[in-house]
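Worksheet for the structure shown next.
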Amino acid sequence: MQVTMTDYNRPPQFDEDSQHTLLVAPDEPELQPPPMYQVLLLNDDYTPMDFVVEVLEDFFAMDREKATQVMLRVHNQGQGLCGIYSRDVAETKAMQVNQYARECEHPLQCEVKRDD
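Per the working numbering: the sequence shown = residues 3 to 118.
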């Protein structure tokens, strides 16, 4: 029995008579960033402004000043942007806000919309 060790540091040797096949690795797929989604609060006539500010501070880590600005945008323009996230994060935040608003008996609604 004969054991032959291959030296992987040496380039391969080819006979002139042998056929050569060139193997080319396929191009790497072009990766694109995942689509992002807006989380929006919608205005209603019943939810207190202080509750909206509380939600923005607790669920979106806004300071009081930023939360108040967004709350006023919701009040004056009908909706306000809470943040832009990946789909899973955006849907989770909207679900948490809607559930918390229901638990506190407020009609506040949060929705998710694809960011263009």
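We put the CB at the ideal spot given by N, CA and C, even for glycine.
Please read all numbers here as calculations on a predicted model, not as lab measurements.
I'd like to check one pair, P109 with D52: are the Cβ atoms closer than 8 angstroms? Your numbering for residue 52 matches position 50 in the sequence shown. Your numbering for residue 109 matches position 107 in the sequence shown. In this structure, P109 does not lie closer than 8 angstroms to D52 by Cβ.
Does the Cβ of C112 have 16 or more other Cβ atoms within 10 Å, making it buried, or fewer, making it exposed? If you number the sequence shown from 1, residue 112 lands on position 110. C112 should be labelled buried.
Under the three-state DSSP convention, the category V76 falls into: Taking the first residue of the sequence shown as 1, we reach residue 76 at position 74. The DSSP-derived three-state label of V76 is helix.
Taking its Cβ as the centre, do 16 or more other Cβ atoms sit within 10 Å of K82, making it buried, or is it exposed? The sequence position of residue 82 within the sequence shown is 80, counting from 1. Looking at the sequence shown, residue 82 is not Lys but Gly. By the neighbour-count definition (other C-beta atoms within 10 Å, threshold 16), G82 is a buried residue.
Can you tell me whether M64 is helix, strand or coil according to DSSP? If you number the sequence shown from 1, residue 64 lands on position 62. Residue state for M64 is assigned as coil, using DSSP reduced to three classes.
Sub-8 angstroms separation of V41 and A92 beta-carbons: For the purposes of this step, residue 41 is identified with residue 39 of the sequence shown, where counting begins at 1. For the purposes of this step, residue 92 is identified with residue 90 of the sequence shown, where counting begins at 1. Yes, the Cβ-Cβ distance between V41 and A92 is below 8 angstroms.
Please check the pair R89 and Y39, which I expect to be a contact at CB under 8 angstroms, by giving their CB distance rounded to whole angstroms. Walking along the sequence shown from the start, residue 89 turns up at place 87. Walking along the sequence shown from the start, residue 39 turns up at place 37. Between Y39 and R89 the Cβ distance is about 5 angstroms, and since that is below 8 angstroms, they are a contact.
Would you decide whether A63 is buried or exposed? Buried here means 16 or more other CB atoms lie within 10 Å of its CB. On the sequence shown, residue 63 is found 61 positions in, with the first residue counted as 1. With a threshold of 16 other beta carbon atoms within 10 Å, A63 falls short and is exposed.
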